[in-house]
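A short write-up of the structure that comes next.
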Amino acid sequence: MSFTQLRRLDLGRAFNPAPRLHELHTVFVPFDSLTGERTVEHAARVALTHHRRVALMGATGSGKSSVIGHVLAEAGEEILGLRVPVSLEEPEVAVEPEAFLAHLLRHVREEVLDARPDSRPVVDKALPSPGRETTRTYSAEAGFAGLKGGLSYAVKQALEEQVATQTRAVEAVGELLAIIEDHGVVPVIVLDDTDKWVPTPLAPQNAQLRGQFFTRILRLLAEQIDATILLAVHPSYVDDEAFQSARGFLERVIELPTLPDVDAARRLVTRRVAMGLEVAEEGLDLRQVLTDEALDLLFEYYAPSTNIRQGLLTPLNGALIQALDADAEVIDAVHIRAELADLDGAAWPR
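All the letters of the sequence shown, read from the start, carry residue numbers 165 to 514 under this note's numbering.
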């Protein structure tokens, strides 16, 4: 490796700990591939295609959003992921059924019709001719590719009317999901930020928000709408009475594993390097970018935390900068130790 190539990795943000949501699946190495088992991505996809309500459980930075992005992207036309953010909205959205339903309807419309800036004109032209069904399609980002024009138009029509009551809102959501399913697509309500309600000194209300979401909103989605759901949960929720009472509404809880060994970390980093340099993973010798000693040290730091973002990618990204500052041609253990000292304020390993 050369300094120029390291600089290219830096400029391309190859080790970016928090890539944009739509980029996650492109740099992600599935846990099923890393562990040799089919307990995460495969299990989630099968459960969703069978209309199950699925929770992904994992610590912050463990890869839940990446798994969700991967599952939706790989499912193609089988699944339509309807992302509905809740934790960053007004608190009422997470705890009041009326507010949540209005938010859900509004967001589904935006997701389907505005997945791409140029989608609306195509949707508007997608009305089937009398007496026949349309075969028109339009392409969009992961999760929307190949949606049939008839489906798009039907979704638009279903959302035109004003929803005045909670009962009518429930009916409207049910009709909307049924329209999507009638077109051979499983609609999945994706709640990928529901793992953010971990109480902190600055946000002690998180426990209350979390409790009301699981006892009121999740119950609404399960009992009154019978929706297929994919949501994220934090391991600390397990001891909550509210979450325990809601377990009956979750038909599958999938716990994310940790990276099993340093070879798994190597594969993850190799994917990032290959993407950054625009080369094939096959035949790429990671030791030309990151020495074995450096990778071992990095994995030793990651192992206790299970946090891929903070325990692996953040120090690796910092070590890349350390190497560039030193005009180095490879990231070695010296750069990893220097970055870990900066992060922890102490030499590593302790």
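Just so it is clear, CB atoms sit at the ideal spot from N, CA and C, and this is done for glycine as well.
Bear in mind the structure is a predicted one, so any value in this text is a computation, not a measurement.
- Residue nearest to ALA429 within the set GLU445, LEU420 and ILE472 is ILE472 (criterion: CA-CA distance).
- In this structure ARG416 is in contact with ARG216, their Cβ atoms being roughly 5 Å apart against a cut-off of 8 Å.
- With a cutoff of 8 Å on beta-carbon distance, ILE393 and LEU385 are scored as near each other.
- Taking VAL426 as the centre and dropping the five residues before and after it, the same chain places the C-beta of LEU459, ASP460 and PHE463 closer than 7 Å to its C-beta, in chain order.
- Between LEU268 and SER229 a beta carbon distance of about 20 Å is seen, past the 8 Å cut, so the two are scored as non-contacting.
- Contact annotation: ASP404 and ARG374 have beta-carbon atoms nearer than 8 Å.
- Just so you know, the alpha carbons of VAL210 and ALA333 end up roughly 29 Å apart.
- Proximity to VAL350 across TRP361, GLY338 and ASP356 peaks at GLY338, based on C-alpha coordinates.
- Nearest neighbour of THR470 by Cα position, chosen from LEU423, VAL453 and ASN481, turns out to be LEU423.
- Using a 10 angstroms sphere on the CB of HIS214, the tally of other CB atoms stays under 16, which defines it as exposed.
- With 16 or more other Cβ atoms inside 10 Å of its own Cβ, GLY225 counts as buried.
- For LEU450, there is no enclosing alpha helix (DSSP H), as DSSP gives it neither H nor E.
- Runs of beta strand (DSSP E) with 3 or more residues, each lying fully within the stretch 202 to 270, are found at 217 to 221 and 243 to 247, listed in chain order.
- DSSP, read as helix, strand or coil, puts VAL191 in helix.
- Per DSSP, reduced to three states, the secondary structure at ALA386 is helical.
- Scanning the stretch 405 to 468 from its first residue to its last, the whole beta strand (DSSP E) runs of 3-plus residues come out as 416 to 419.
- Residue pairing for ALA336: DSSP places it in no beta bridge.
- When Cβ pairs closer than 8 Å are counted between the two stretches, the stretch 231 to 251 is seen to touch the stretch 183 to 202, the count reaching three or more.
- Between GLU419 and GLN330, the C-beta spacing is not below 8 Å.
- In this structure, the beta-carbon distance from VAL352 to GLY245 falls below 8 Å.
- In the three-state reduction of the DSSP assignment, ALA396 falls in the strand class.
- In the three-state reduction of the DSSP assignment, PRO351 falls in the strand class, which pools E and B.
- Rounded to whole angstroms, ARG171 and ALA497 show a C-alpha spacing of 18 Å.
- Per DSSP, GLY375 is one residue of the alpha helix (DSSP H) stretching across 370 to 376.
- The residue from ALA444, GLY482, ASP357 and ALA467 with its alpha-carbon nearest to that of PHE377 is ASP357.
- Excluding sequence positions up to five before and after LEU484, its CB lies within less than 7 Å of the CB of LEU170, LEU173, ASP174, PHE179 and ILE495, all in the same chain and listed in chain order.
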